[in-house]
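**Q** What the sequence shown shows, in the numbering used here, is residues 8 to 100, in sequence order.
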Amino acid sequence: MSPMTEQEARGRVAKLRALYKNLASFVAINIVLVAINLITSPNDLWFYWVTIFWGLALALQAGKLFIGTDRLFDKNWEERKIRKLTGQQKSKK
Numbered sequence: 008m009s010p011m012t013e014q015e016a017r018g019r020v021a022k023l024r025a026l027y028k029n030l031a032s033f034v035a036i037n038i039v040l041v042a043i044n045l046i047t048s049p050n051d052l053w054f055y056w057v058t059i060f061w062g063l064a065l066a067l068q069a070g071k072l073f074i075g076t077d078r079l080f081d082k083n084w085e086e087r088k089i090r091k092l093t094g095q096q097k098s099k100k
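Written as structure tokens, this is what we have:
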């Protein structure tokens, strides 16, 4: 992996900050939702639906930030695929 430019680093830090803010909101709001749910309708638990779907969205955001499609499909990946495809085409002829 090549070093980042300052602009790329700033963009990544901004995305990381947004993830941390979303995570803090997720925890705080879900605590409130659990309390509301248990106080108003303890026999009908609905808070977990919010937690599940919001948690999935957070996981996708974190995955995109830490794994990222740019890391999965970088230039090295392209070169490996090209070599593989051209090698297969040569062997078929």
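We treat Cβ as the ideally placed atom computed from N, Cα and C, and that holds for glycine.
1) Write down the C-beta distance between Leu72 and Leu23 rounded to the nearest angstrom, noting that I regard them as a contact closer than 8 Å.
2) For the alpha helix (DSSP H) that contains Ser32, what are its first and last residues?
3) Look at the alpha carbon of Trp53 and the alpha carbon of Gly62, and state the distance between them as a whole number of angstroms.
**A** Taking the geometry as given:
1) As a first step, residue 72 must be located in the sequence shown, where it is residue number 65. As a first step, residue 23 must be located in the sequence shown, where it is residue number 16. Leu72 to Leu23, Cβ: 6 Å. Contact.
2) Taking the first residue of the sequence shown as 1, we reach residue 32 at position 25. From DSSP, the alpha helix (DSSP H) with Ser32 extends over Glu13 to Thr47.
3) Start at 1 with the first residue of the sequence shown, and residue 53 comes out as number 46. Start at 1 with the first residue of the sequence shown, and residue 62 comes out as number 55. Their backbone Cα atoms lie some 15 Å apart in a straight line.
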